[in-house]
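Note sheet for the following structure.
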Amino acid sequence: MEKLIFNIDIKAPKEKIWKVLWDDETYRKWTSAFCEGSYVETSWNEGDKIYFLGPGGEGMNSLIESKIPNEYMAFKHMGELKNFKEVPPNEETEKWVGAMETYRLDQKGAVVDLHVEVDVIEKHIDYFKEAFPKGMEMIKELSEN
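In the numbering used here, the protein residues as written are 856 to 1000.
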């Protein structure tokens, strides 16, 4: 796996950016850069499961490994979802089980640096290199307006 790193400076309070990242309405907007109709099912509590879903019930099941409100969120990806259900591990999922995805908000003077790190298998690198900057631009726009 390769770790991809993305950064964007946002002129907004950390609390507003955090809400844009994780509130259902705005989450659906910025994650449309990855898949139109994306959403999550979760309690948003550290240690709990989170289901990253597309409109057809496909996606990933993960754990919220760490959560510091308005500062840091870490997801550990555990497996695949099909038809809204967890799929038993298979050869394909074994390649990325345990992959991490983290979001950090760092105050830098008048701006906040949104720093994202994501572990990606080779076949998805180009896709994420294209989709993440689009999603982050949308987070910036939603946070600054």
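We treat Cβ as the ideally placed atom computed from N, Cα and C, and that holds for glycine. As the structure is a computational prediction, the values presented were derived from the model and not from experiment.
ask   = Thinking just about the alpha-carbon of each residue, which of 944, 1000, 992 is nearest to the one in residue 971?
value = 992
inquiry  = Check whether the segment 966-982 and the segment 861-880 are in contact - that is, three or more C-beta pairs closer than 8 angstroms.
reply    = yes
N-terminal and C-terminal residue of the beta strand (DSSP E) that residue 973 is part of = 966-975
query = Under 8 angstroms, do residue 859 and residue 980 count as touching if we go by C-beta distance?
reply = yes
inquiry  = Strictly by DSSP, which residues pair up with residue 931?
reply    = 918, 955
ask   = Should residue 905 be labelled buried (16 or more other beta-carbon atoms within 10 Å of its own) or exposed?
value = buried
query = Applying the criterion that 16 or more other CB atoms from any shown protein chain within 10 Å of the CB defines a buried residue, is residue 899 buried or exposed?
reply = exposed
message = Between the segment 951-960 and the segment 924-933, can you find at least three pairs of beta-carbon atoms closer than 8 angstroms?
response = yes
ask   = Using DSSP with H/G/I as helix, E/B as strand and the rest coil, what is residue 941?
value = strand
ask   = Which of helix, strand or coil does DSSP assign to residue 926?
value = coil
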